[in-house]
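Asks:
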Amino acid sequence: MQAMQNARPEDVMRTITSYCTAAENLFSRLTFHTNRAEVDFRQVHFLARDLYARTSK
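Using the working numbering, you'd call the opening residue of the sequence shown number 830 and step up by one each time.
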């Protein structure tokens, strides 16, 4: 939290925008894979873990 207090506003906005873009992309890919007739659960698992890792940092 201390690092965020010392960060420049434009750096914070860039980080937030980057995270939101990546999360939106991952959600789109998860939706695509889960809506298929034959779900590739290995791919869904990989994408879900990627989203979780980005969210839990």
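Note that the Cβ used here is the ideal one computed from N, Cα and C, for glycine as well.
Counting only runs that start and end within the segment 858-886, where is the beta strand (DSSP E) found for 3 or more residues in a row?
Replies: Here no run is fully enclosed.
Asks: Grouping DSSP H, G and I as helix and E and B as strand, with all else coil, what is R837?
Replies: The residue you call residue 837 lines up with position 8 of the sequence shown. In the structure shown, R837 sits in coil (DSSP, three-state: anything other than H, G, I, E or B).
Asks: Three or more beta-carbon pairs under 8 Å between the segment 873-880 and the segment 852-864, yes or no?
Replies: Enough Cβ pairs lie closer than 8 Å, so yes.
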